[in-house]
Amino acid sequence: MAKERIGIMGGTFNPVHLGHVQIAKYAMQGADLDRVLFLPDGTPPHKTGIVSATHRWRMVCVATCLDKGLVPSDIELNREGITYTIDSLHALHDQFPKADLFYIIGADTLMELHKWKNAEQVFPLCTFLIAPRVLSVSSREYLDEKKRLISLGASFENIDMPVMDVSSTALRESMTSGGVSPFFPPTLQEYCGALGLYGMPRRVPQAEEWFSRLFSDLTVKRFSHTLAVAYTARNLARNHHVDPLKAEIAALLHDCAKCMPLSEMQAVCRKHALTMDALTLASGNLLHSIAGSYLAASEYGVEDPDILRAISCHTTGKVGMTKLDMVVFLADKIEPTREEYPTLQKVRMLAPLSLERAMLASLEGTAAYVKSGSHPLHPQSMRTMEWLRTLPEARG
Ligand SMILES: [Fe+2]
Ligand SMILES: [Fe+2]
């Protein structure tokens, strides 16, 4: 059996960005790697301006969760004191005794390798994959140093990819000055903005506590989806003169019950008489909105009835839905990481123009989908669709 080939991306990831993800993907393809591990380090004590290891870890989890083969690893995160690559490589060889390891570095790091702890002992432990940087890799100095390191036992392969003009430093600066970088995904823009990281004002007062709970209660993919919905809901709300903070909060909590076992959701809903509807009670896909609305109030401390209502009707819709309800419902359906489905592009196009038309298109799409399957459309969705058809705003 061929040996497994594992790439390693080390770094502070303060914050992780799409440049890191792209390098890992190019490395995976070019060097035929089976996976690439992302190893955020523990907080180096001498560096200021670094957000906590917890935040950097969650962001790495979110940034990698949609790409098969990209895997976060916390082996450096939990190590006491300064992190040395040689220790991580030994730990990874212990963990994967039959694998070949490929350590991914930028071309600028090659010039710094001689400063690494026990550099010569690192060389037999991995092959270095070099991502291009703005510096000239054909410069005399660079080539001489590379030659010298090879003579000491180092081995290098170049990653064939364009130079990416992005850095965590530039990203932090752009955030502090209120800018947006195309290399920072919406999910992480939401994460940092809600919490107020990197010098931004905190938008959601309870974000620290809520994110900690959501990250542990949801799968990483669900957590990432939640951030993407909140990002979309805020923008959509601004488009339609809806309170963006209410939309953001409802979106952040809309799936807070989604990863509960169905039996637990049913128990909560029965105990507090939240619904008697058998169809809803039988399906986690429907029931989590009602259980979630209850949890948002009881566990997350949300008192605003508008927000709780938006959470409770985000699966089926509701006759007389408010604009806030529609914003949350639609943001859930069109957030940027959603996998393609037949009416996605139509609903995405309509949502900024007319909430009512987008709602109708979305529900009609669901109706067509369930018609072809075994489950009927929920009567509440049917009634919502009929109600929407009576509205002048829903007519194209
Ligand atoms: Fe949901
Ligand atoms: Fe959702």
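Just so we're on the same page, my numbering is the position in the sequence shown counted from 1, plus 1259.
Note that CB positions come from ideal geometry on N, CA and C, so glycine has one too.
For residue j and residue i, the rounded distance between their alpha carbons
i	j	result
Val-1295	Phe-1361	9 Å
Thr-1344	Cys-1385	11 Å
Ile-1389	Glu-1468	39 Å
Met-1423	Pro-1520	43 Å
Ala-1413	Leu-1372	10 Å
Phe-1470	Ala-1487	14 Å
Gln-1380	Leu-1411	10 Å
Ala-1541	His-1484	24 Å
Ile-1282	Leu-1298	14 Å
Met-1585	Ala-1466	23 Å
Ile-1418	Pro-1391	7 Å
Leu-1583	Asp-1333	39 Å
Leu-1336	Gly-1278	21 Å
Asp-1502	Ala-1496	6 Å
Thr-1428	Pro-1441	14 Å
Lys-1530	Tyr-1559	19 Å
Buried versus exposed call for residue i [16 or more other C-beta atoms within 10 Å across all chains shown]
i	result
Pro-1304	Confidence is the limiting factor: at Pro-1304 the pLDDT is only 48, short of 50, which leaves the residue's position unreliable, though a coordinate-based value still follows. Exposed, by the Cβ-count rule.
Met-1644	buried
Leu-1512	buried
Pro-1445	buried
Lys-1592	buried
Gly-1270	buried
Leu-1351	buried
Asp-1353	exposed
Val-1439	exposed
Arg-1663	A query on residue 1663 cannot be resolved here, the shown segment of the chain reaching from 1260 to 1655 and no further.
Ala-1489	buried
Of the residues the options, the one placed nearest residue i, counting alpha carbons only
i	options	result
Asp-1293	Leu-1614, Tyr-1553, Glu-1263	Glu-1263
Arg-1472	Ile-1364, Ala-1506, Cys-1518	Cys-1518
Met-1476	Gly-1551, Ala-1537, Thr-1428	The question names Met, yet the displayed sequence has Asp at residue 1476. Looking at the Cα atoms, Gly-1551 is the closest of the given residues.
Cys-1324	Leu-1408, Leu-1447, Pro-1441, His-1349	Leu-1447
Ala-1569	Pro-1611, Lys-1505, Leu-1619	Lys-1505
Met-1420	His-1547, Arg-1461, Pro-1441, Gly-1289	Gly-1289
Lys-1357	Glu-1652, Ala-1261, Val-1479	Ala-1261
Leu-1214	Asp-1333, Met-1459, Ala-1620, Ser-1571	The question about residue 1214 has no answer, for the chain in this structure spans 1260 to 1655.
Arg-1431	Gly-1458, Ala-1453, Thr-1602	Gly-1458
Gly-1365	Asp-1514, Phe-1387, Asp-1291	Phe-1387
Glu-1594	Phe-1482, Ser-1433, Ile-1267, Ser-1571	Phe-1482
Leu-1348	Thr-1368, Asp-1367, Phe-1382, Met-1370	Phe-1382
Leu-1456	Leu-1614, Met-1268, Glu-1623, Thr-1313	Thr-1313
Asp-1367	Phe-1355, Cys-1320, Ser-1426, Glu-1615	Ser-1426
Tyr-1285	Val-1275, Cys-1320, Gly-1328	Gly-1328
Arg-1616	Glu-1449, Thr-1602, Arg-1461	Thr-1602
Leu-1454	Phe-1355, Ala-1532, Arg-1317	Arg-1317
Leu-1369	Glu-1339, Ile-1409, Phe-1355, Thr-1428	Ile-1409
Beta bridge counterpart(s) of residue i as assigned by DSSP
i	result
Gly-1269	Leu-1298
Ile-1389	Ile-1364, Asn-1417
Glu-1523	DSSP lists no partner for Glu-1523.
Arg-1462	In the DSSP output, where bridge partners are listed per residue, Arg-1462 has none listed.
Arg-1264	Asp-1359
In chain order, each alpha helix (DSSP H) run of at least 4 residues that lies wholly inside the segment 1304–1364: Within the segment 1304–1364, complete alpha helix (DSSP H) segments of at least 4 residues are found at 1312–1323, 1344–1354, given in chain order.
Sequence ranges, alpha helix (DSSP H) only - wholly within the segment 1402–1456, length at least 4: Complete alpha helix (DSSP H) runs here, min 4: 1427–1435, 1445–1454.
Contained alpha helix (DSSP H) runs [length at least 4] in the segment 1478–1541, N- to C-terminal order: List check, alpha helix (DSSP H) in window: 1479–1498, 1503–1512, 1521–1530, 1537–1540.
Start-end ranges of the alpha helix (DSSP H) lying completely within the segment 1541–1611, minimum 4 residues: 1543–1557, 1564–1571, 1582–1593, 1603–1609, all fully within the segment 1541–1611.
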